Each structure stands twice: as C-alpha cells, then as structure tokens.
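Chains as they are written, first to last, in the numbering used here: chain A, 115 to 309; chain B, 115 to 309. Backbone N, C-alpha and C define an ideal beta-carbon position, used for all residues, glycine too. Because the structure is a prediction, the values reported are computed rather than measured.
There are 2 protein chains.
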Amino acid sequence: MFDVFRKYLLAKISLSQQDMQRIESVSIVKKLSKRQYLLQQGDVWRYYAFVCQGCLRSYRVDDKGIDHISKFSLENSWAGDRESLEKETASHSNIDALEDSVVLLFKKDDFDNLRKTMPVFDDLIENLIHRSYAVTQERMHAAIGYTPEEKYRNFIKKYPDIFNRVPLHMIASYLGLSFETLTRIRSQSLKNDRP
Amino acid sequence: MFDVFRKYLLAKISLSQQDMQRIESVSIVKKLSKRQYLLQQGDVWRYYAFVCQGCLRSYRVDDKGIDHISKFSLENSWAGDRESLEKETASHSNIDALEDSVVLLFKKDDFDNLRKTMPVFDDLIENLIHRSYAVTQERMHAAIGYTPEEKYRNFIKKYPDIFNRVPLHMIASYLGLSFETLTRIRSQSLKNDRP
DNA sequence: CGATTCTTTGAAAACAGTCAATCTGTGTGG
DNA sequence: CCACACAGATTGACTGTTTTCAAAGAATCG
Numbered sequence: 115m116f117d118v119f120r121k122y123l124l125a126k127i128s129l130s131q132q133d134m135q136r137i138e139s140v141s142i143v144k145k146l147s148k149r150q151y152l153l154q155q156g157d158v159w160r161y162y163a164f165v166c167q168g169c170l171r172s173y174r175v176d177d178k179g180i181d182h183i184s185k186f187s188l189e190n191s192w193a194g195d196r197e198s199l200e201k202e203t204a205s206h207s208n209i210d211a212l213e214d215s216v217v218l219l220f221k222k223d224d225f226d227n228l229r230k231t232m233p234v235f236d237d238l239i240e241n242l243i244h245r246s247y248a249v250t251q252e253r254m255h256a257a258i259g260y261t262p263e264e265k266y267r268n269f270i271k272k273y274p275d276i277f278n279r280v281p282l283h284m285i286a287s288y289l290g291l292s293f294e295t296l297t298r299i300r301s302q303s304l305k306n307d308r309p
Numbered sequence: 115m116f117d118v119f120r121k122y123l124l125a126k127i128s129l130s131q132q133d134m135q136r137i138e139s140v141s142i143v144k145k146l147s148k149r150q151y152l153l154q155q156g157d158v159w160r161y162y163a164f165v166c167q168g169c170l171r172s173y174r175v176d177d178k179g180i181d182h183i184s185k186f187s188l189e190n191s192w193a194g195d196r197e198s199l200e201k202e203t204a205s206h207s208n209i210d211a212l213e214d215s216v217v218l219l220f221k222k223d224d225f226d227n228l229r230k231t232m233p234v235f236d237d238l239i240e241n242l243i244h245r246s247y248a249v250t251q252e253r254m255h256a257a258i259g260y261t262p263e264e265k266y267r268n269f270i271k272k273y274p275d276i277f278n279r280v281p282l283h284m285i286a287s288y289l290g291l292s293f294e295t296l297t298r299i300r301s302q303s304l305k306n307d308r309p
C-alpha cells in the first residue's frame, strides 16, 4: 500500500531510496471498512493521513443533529483535522469512510521529523498546506457568494471524480443545501444544457 | 508606528533588541486614507502586512458586480492575500481602508529571511497561519451550517469590536446576506433578547 | 428477495431577496 | 452657517426560492 504514496511523492519531488525508506519505516497502514470512523469528535487528532485507496468524508454535527460535510478525501489526497493536530485540542469533526479504504498514518512527531531533515519533503508539505488554505478560501467565497445552482455547477466542474462517487445528499450537505433542492437544480440544469 | 508592532511582538515572544532592530529595519510604513486601496484585483500581492491603526477590508467582486467581503483587519491583525503571495499569481481580491489607517509592510524576501534566522519569530508566524486556517474553516462551517440569525449572533459574539466599527451592510456582505435581511434579523433579535 | 439507502416529485409553508420609499446623521461646498 | 448631497439604516409590500413534509419510485446490498 505504501506504493501509492511512493508514486505520489515521486511525481512531485525526487527522493533517494534511503529517504523513501525512512518515510516508509514510520508509516502506519490503516484499513477502514465502509462507515468506519477514522476520527470522532471529542478525540484529539494526532496524525498526518494520506488516503491510498477509497474515500473519506470529514463532517461536523450541529446542535440539531444535522451533518455538515467539510471535505471529501479520495485516494491520493489527505485527511485529518489540522486544528486539532496543531493545538492538541478535542476535534469538532468526524471522519469516516464512504467506501472500504486504506489510509497511511504518520505520527506527528515522526512526520515533523521527516520534514525537518528533508527539505524537499518539507517544501511539498508546506505547499500542500498553502493549497488547502486556498481551497478553503475559495470554498468560503462560493458559500457566501454563489447561488445554489452556481454552487452545484462549480462543484461538478471542480470535482467530477467526487461527484461520480458520493451520494447526492452528501454533496448537498457539502454545499449547504437541502438534498431536495439539489435534485431539483440538477433536473433543471439538465434541461438547460440540452434545449 | 513601529511601536504598535513591537508591542504586539513582545506580548507573544521575547526578542533581543538586536532582533527587534532587524525587524524594524526592513519594515515599511504605509499610510492609507479612507477608501484607499492596498491591493487591487489583478495585481500580485508581495508583502506581509500588519495593521497598526485603522481598519481594512478584503473583498472580491463577483460577475454581477457585487462585493463579497472575506475579511476585516483591525489594528493588531494581519492583511493580505496569502495565495497571491505564495504562488505569485494575480490576486482575486481587493483590499481597501475603511478608515484612515497605517500598515506595516514587509517584503516577502525580507520577511522569510527574518523567519529563517529567528526561530521564535518563525514559530509565531507559523502559529498565526494555523490560526487563520482554523478561522477560515470555522467561517466556512458557519456559512454552510448556520441560519442567518445564527450567523449574525455568532458574528457579534466573536467580533464585537468589528461589529461596532463597520457599517451594517458590510457585515451583511461578510455573512452572505442582503442588508435588509440583516436589519430585520437585528430588530427581531432585540425583541427576543428583551421579552 | 427483502431491507436499507438513495433519489425523485409534489404541495404547502417559511423565508430571504428585491424594489421602493423614508429617515437619519455626517460632512462638504456654496 | 446653512443647504444639500451622500452614506447608512429602517420599513413595507411583493416576488421568487428554498425548505419542509410526505409519498413513492429506483437502486444497491446482504
């Protein structure tokens, strides 16, 4: 399973066999079956997590018991709760698997150690953090500035792979809409595309 | 004007006079009069910016010409566009002054240099970035999960100082509501608080 | 095959957005 | 110093959309 991560890394940076070996040696393979939790709210999140296979979702539950999905993580992307990890505080989020999945975990200390001693690796992660910040920023603008239909179209355009893998009501949750509204937008949208 | 920043720094970390001197020597004082731009969309943002006095707003303009405010920056906080800064790409955002303001600018190179050579300073900034990520995350959850009234109450609770300084229609823009809706929520909210 | 889970559709109610008129306070220029 | 313009806030009436509730039709899974 580490192969997936190796491929991911080599596509972005070059690493000696030794370095790669060091990374592998601190990685922890974790299998999740569908619906299994990786993180539950109230727990402290202590890892960096790379998804090798499958699909995870991160979400919060509000006062009324309604889920709000903040992120989907397919294979070749990352999951976790950075806030909880950095501040070592109880997480507000839940993360669970939407499909049977395989995740690579790295303890924070191990991971930080890798970063400190491998500049290219550090740059990669630094970059990753910047990108994820930009994504969240982008998402926030969509949430306050787009109409429901724009949100839907934007999502399909940006994440067609996710769109084809997760149920519609979860996308509705991600976009902050009711799922009924989303099916309606969708059927209307189809008409507009083929007049 | 550097004194404001000095105070800010000393409240969080300890620095030798020398180090402080080094920081001051690369700082650029910039005065902005009300309505003046610090950044206009299309330009590349190249600084770290600390607000010493006044109040700035960051916002985007959508296709229909409507502003969407992403951030208010009062004195003792930061402003800028991290995405544009890191990727050296044209910014999507505008930043302007809501009051006559004074900002401290640091060129990216100078700033990164300070970070590289002063670990405590680096930690502070690192921390700042984590916090701002958490804030954006939080905001996104509010945007997709809260009712308009909850958004309003949450804003007052979190940012009473901003609430008392910027016009209501800008808060509406920040929250993704029309300003009429916001005044209505507010008058209703007052009734509920004093039955 | 039976049971979830997911999606679609309908109708009614609740809600926010829009348009428009009015009111207030502030500040500028004559 | 006043008058006028301007930015901000409030309110009403109306419109359009979204949510909610409900029922029922697909699809998937054990």
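Chain-order list of residues whose beta-carbon lies under 6 Å from that of residue i (same chain, five-residue window excluded)
| i | result |
| --- | --- |
| A:LYS144 | VAL217, LEU219 |
| A:PRO309 | Confidence in A:PRO309 is poor, its pLDDT being 44 and thus under 50, which makes the residue's placement too unreliable to answer from. |
| A:SER198 | VAL158, TRP159, SER205 |
| A:ASP275 | none |
| B:TYR151 | ASP210 |
| B:PHE225 | TYR162 |
| B:ILE110 | Only positions 115 to 309 of chain B appear in the structure, and residue 110 of chain B is not among them; the question remains open. |
| A:TYR266 | ILE299 |
| B:ILE142 | LEU219 |
| A:VAL118 | CYS166 |
Cβ-based neighbour list, residue i, same chain, cut-off 8 Å, excluding 5 preceding and 5 following
| i | result |
| --- | --- |
| B:GLY156 | ALA204, SER205 |
| B:LYS341 | Past the boundaries of the shown model lies residue 341 of chain B; chain B is included only from 115 to 309, so the question cannot be answered. |
| A:ASP237 | ILE127 |
| A:ARG174 | GLN155, ASP181, HIS182, SER184, HIS206, SER207, ASN208 |
Assigned exposure category for residue i - 16 Cβ within 10 Å defines buried
| i | result |
| --- | --- |
| A:GLN251 | buried |
| A:ALA286 | buried |
| B:GLY179 | exposed |
| A:LEU282 | exposed |
| B:VAL249 | exposed |
| A:SER147 | exposed |
| B:ARG149 | exposed |
| B:SER172 | buried |
| A:ARG253 | buried |
| B:ILE137 | buried |
| A:SER187 | buried |
| A:LEU212 | buried |
Same chain, Cβ closer than 7 Å to residue i, five either side skipped, listed in chain order
| i | result |
| --- | --- |
| B:THR261 | none |
| A:TYR161 | GLY194, LEU219, PHE220, LYS221, LYS222 |
| B:THR297 | LEU282 |
| B:SER215 | LEU146, VAL165, GLN167, GLY168, CYS169, LEU170 |
| A:ALA257 | GLY290 |
| A:ARG279 | CYS169 |
| A:LEU153 | TRP159, ASP195, SER205, SER207, ASN208, ILE209 |
| A:MET232 | ASP133 |
| A:MET284 | ARG171, ILE183 |
| A:GLU200 | none |
| B:GLU263 | ILE299, SER303 |
| B:TYR122 | ASN190 |
Interface partners of residue i on chain A, CB under 9 Å
| i | result |
| --- | --- |
| B:HIS255 | ARG174, ASP176, HIS182, SER184, HIS206 |
Chain A residues whose Cβ lies nearer than 8 Å to that of residue i
| i | result |
| --- | --- |
| B:THR250 | TYR247, THR250, GLN251, MET254 |
Under 7 Å from the C-beta of residue i: neighbouring residues of chain B
| i | result |
| --- | --- |
| A:GLU200 | HIS244 |
Listed from N- to C-terminal order along the chain, which residues in the stretch 176-198 of chain A have their beta-carbon within a distance smaller than 8 Å of any beta-carbon of chain B? ASP176, ILE180, HIS182, SER184, ARG196, GLU197
Contact between the stretch 128-146 of chain B and the stretch 279-293 of chain A (3+ Cβ pairs under 8 Å): no
Between the stretch 227-245 of chain A and chain B, which residues of the former have CB atoms less than 7 Å from a CB of the latter, in chain order? HIS244
Please list, in chain order, the residues of the stretch 281-303 of chain A that have any C-beta partner in chain B closer than 9 Å. SER287, TYR288, LEU289, GLY290, LEU291
Name the residues in the stretch 136-169 of chain B whose C-beta lies less than 9 Å from a C-beta of chain A; which are they? none
Note down, in chain order, all residues in the stretch 257-268 of chain A with a beta-carbon under 7 Å from any beta-carbon belonging to chain B. ALA257, ILE258, GLY259
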